[in-house]
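Position 4 of the sequence shown, counted from 1, bears residue number 4 in full-length UniProt numbering, the numbering being contiguous throughout.
Using N, Cα and C, we set each Cβ at its ideal position, and we do this for glycine too.
Have a look at the structure below before the remarks.
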Amino acid sequence: MQQAAVHIDDYLITERLIAGDHHAQEWVYDHYSPALYSIILQVVGDTHKAEDVLTRLFVQIFKTIRTYRDSGNTTLFGWMMRIAREMAVLEAVDTNDSDMGNEVVKADGSLIQRFSNRLPAQGRTIFHLCYYKGLPKEAVARILGIQTEEVTTQLREIMVQFRKFLGE
Numbered sequence: 001m002q003q004a005a006v007h008i009d010d011y012l013i014t015e016r017l018i019a020g021d022h023h024a025q026e027w028v029y030d031h032y033s034p035a036l037y038s039i040i041l042q043v044v045g046d047t048h049k050a051e052d053v054l055t056r057l058f059v060q061i062f063k064t065i066r067t068y069r070d071s072g073n074t075t076l077f078g079w080m081m082r083i084a085r086e087m088a089v090l091e092a093v094d095t096n097d098s099d100m101g102n103e104v105v106k107a108d109g110s111l112i113q114r115f116s117n118r119l120p121a122q123g124r125t126i127f128h129l130c131y132y133k134g135l136p137k138e139a140v141a142r143i144l145g146i147q148t149e150e151v152t153t154q155l156r157e158i159m160v161q162f163r164k165f166l167g168e
């Protein structure tokens, strides 16, 4: 006998998180941490740093959950994914160039924009759709009319290029 998939409404889980429900926090961590860790690891490239960023990410999420509820413009996972990417990029920048640090990223995303401008057209589109718009790889593949595996491969290559770019 198969178990039915559990669907938790973003609104309900958000309200439980705002109320400080530890079971809701555990559920969110257990449910979302593998995907968020993967995103972070792709950017920072080091398991220990990725684990540290993941820990700080969930502290940040649980402290600022009200901002998600009040924004009302994305899914809970999309909101968490955006924060994860931002924290991972900050970690990568801090690691590779502590003198420039946050100031580079704060300058209207000019670092990321400069990197994005170096990408070929399709790579830039994939980067924009996945990392700015927060679309899943499957959706990006459908939009571009390519296989999901090709999107995955290009994203891996883009992350390698990004790490090299940060080292320049």
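Would you identify the three-state DSSP class for residue i, choosing helix, strand or coil?
i           : result
Gln147      : coil
Pro120      : coil
residue 176 : Lying before the first or after the last residue shown, residue 176 is absent from the chain, which here runs from 1 to 168.
Gly167      : helix
Asp21       : coil
Thr64       : coil
Asp10       : helix
Leu135      : coil
Gln154      : helix
Between residue i and residue j, how many whole angstroms is the CB-CB distance? I'm expecting something under 8 Å.
i      : j     : result
Ile158 : Ala84 : Not quite, the Cβ-Cβ distance comes to about 16 Å (not below 8 Å), so this is no contact.
Asp10  : Leu57 : 18 Å between Cβ atoms; not a contact.
Complete runs of the alpha helix (DSSP H) confined to the region 13-57 [at least 4 residues]: 22-44
Please confirm if the region 19-30 is in contact with the region 140-147, defined as three or more CB-CB distances below 8 Å between the two stretches. no
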